[in-house]
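Notes to accompany the following structure.
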Amino acid sequence: MSRTTGNIDDFGMDTITLAGSLGAKLQAIREAGFSQVMLKANDIVGHEGGVDAAVRLVKASGLRVTGFQVLRDFEGLSGHLHDYKVDMAKAMLEMARALGAPVLLACSSTSQHATQDLDAIARDLRKLAMLAVPLGIKVAYEGLSWGRTINEFTTAWDVICRADAPNLGIGIDSFHIFATQTPLDALDQLDPRKIFLVQLADFMWQEIRTVEERISTARTFRVFPGEGVHSVQVADLVMRLAALGYRGDYSFEVFNDDYQQMPLPLVAQRARASAEWLGEDVLRRSVPLPNRMRLGRGTV
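Counting from 566, one number per residue, gives the positions in the sequence shown under the working numbering.
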């Protein structure tokens, strides 16, 4: 009899959640039992030894890099603004390659200078994807819930389909889905092979009434899955993705000012508890092994 299994390696933390130096963040993540990390560009370029030293530190940590973030406001611009963003994209892609990151996260534009023409947005995303091809990197495009034109995963998926690039896929972020109250039934539209990244977080409000509150909550007061008031929705999202055929990574993208004031090991253990809840109680794929959780994928 076959069944889908896996382990804590299905889940990872984002360096943006933790305070302190890059080395201290990587150590806390590793010591909590995780084997992968989502890297934020500021943690790399801000490392006291420089980018090359940061790359060496990441590789020495033994952590697999889930992806690299974040390229903002890339699409829909023209003239010198477009050229500028292309230069930024090239620099981000080069860092991603150096770090061994398989995915670059690009989030939808909030710029009032960007066109709202979906075909033009799709052309720019295809260009970004083509820039990534020689480096062997995939681009995950995420709809920010306060994006000017693309603010739900459904519209993000529309322009991804229009762009029609093999290494361009979607990034799913639970916060943005719950903030916009996008129906989860729309996930059935997605091709699971084109879901390149899933980022999970919860928050403490049942609903967010203004764009300003949405931005503030997203940037300062997310919590780990299972800690907020959307546990049922998080569980439903994960189960729907599994049923759809998604077998990729889940990364905890938790921006939280309180966590920035807590010791790193305590925050990392909260993330561990969230991974246990999702894997053991939600996905129900646990197969006990000595000193190791089995949580999410593979076959036996």
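Glycine included, C-beta positions come from ideal geometry on N, C-alpha and C.
Predicted model only: the values in this text are computed from it and were never measured.
Presumed contact (8 Å Cβ cut-off) between residue i and residue j, rounded CB distance
i	j	result
residue 732	residue 692	Contact flag wrong, Cβ pair sits at about 12 Å.
residue 604	residue 630	6 Å
residue 673	residue 716	7 Å
residue 806	residue 762	No, residue 806 and residue 762 are not in contact; Cβ-Cβ is about 12 Å, not under 8 Å.
residue 654	residue 636	6 Å
residue 705	residue 735	7 Å
residue 788	residue 843	The Cβ separation is near 14 Å, so there is no contact.
residue 574	residue 601	7 Å
residue 747	residue 719	6 Å
residue 800	residue 847	5 Å
residue 690	residue 725	7 Å
residue 694	residue 728	7 Å
residue 831	residue 584	Actually they do not touch by this definition, with Cβ atoms about 11 Å apart.
residue 633	residue 661	4 Å
residue 822	residue 786	7 Å
residue 700	residue 658	6 Å
Exposure of residue i, with buried meaning 16 or more beta-carbon neighbours within 10 Å
i	result
residue 697	buried
residue 709	buried
residue 769	exposed
residue 790	buried
residue 779	buried
residue 884	For the chain, the structure presents residues 566 to 865; residue 884 sits outside this window and is missing.
residue 607	exposed
residue 645	exposed
residue 656	exposed
residue 855	Because the pLDDT at residue 855 is just 36, under 50, the model does not fix this residue reliably, and the point stays unresolved.
residue 839	buried
residue 774	exposed
residue 784	exposed
residue 739	buried
residue 612	buried
residue 744	buried
residue 837	buried
residue 797	exposed
residue 596	exposed
residue 677	exposed
residue 614	exposed
residue 766	buried
residue 826	exposed
residue 833	buried
Residue span of the alpha helix (DSSP H) that contains residue i, given as start and end
i	result
residue 621	616-626
residue 590	587-596
residue 834	829-841
residue 769	Taken as a continuous stretch (DSSP letters only), residue 769 belongs to no alpha helix (DSSP H), as it is neither H nor E.
residue 689	683-697
residue 747	Note, residue 747: premise wrong, no alpha helix (DSSP H); not H, not E.
residue 780	776-785
Span of the beta strand (DSSP E) around residue i
i	result
residue 802	It is not in any beta strand (DSSP E) - residue 802 instead sits in the alpha helix (DSSP H) that spans 796-809.
residue 817	815-817
residue 707	703-707
residue 576	576-579
residue 715	That residue, residue 715, is in no beta strand (DSSP E); it is neither H nor E in DSSP.
residue 733	733-738
residue 605	601-605
Residue i: CB within 6 Å of a non-hydrogen atom of the ligand HEM
i	result
residue 817	In terms of ligand content, the structure shown is empty, and the ligand HEM therefore cannot be addressed.
CB contact check: residue i to chain D, cutoff 7 Å
i	result
residue 660	Note that chain D does not occur in the displayed structure, where there is just one protein chain.
query = Any chance the region 640-649 sits against the region 670-682, with 3 or more Cβ pairs inside 8 Å?
reply = Verdict: yes, contact present.
request  = Let me know the beta strand (DSSP E) ranges lying completely inside the region 635-676, each 3 residues or longer, listed in chain order.
outcome  = Taking 3 residues as the minimum length, the beta strand (DSSP E) runs contained wholly in the region 635-676 are 668-672, in order along the chain.
message = Any contact between the region 658-667 and the region 612-627? By contact I mean 3 or more CB pairs, one from each, below 8 Å.
response = The region 658-667, when compared against the region 612-627, does touch it at the 8 Å Cβ threshold.
ask   = Given 8 Å as the limit, is there contact between the region 813-830 and the region 577-584, that is, 3 or more CB pairs closer than that?
value = Cβ pair count under 8 Å is three or more, so yes.
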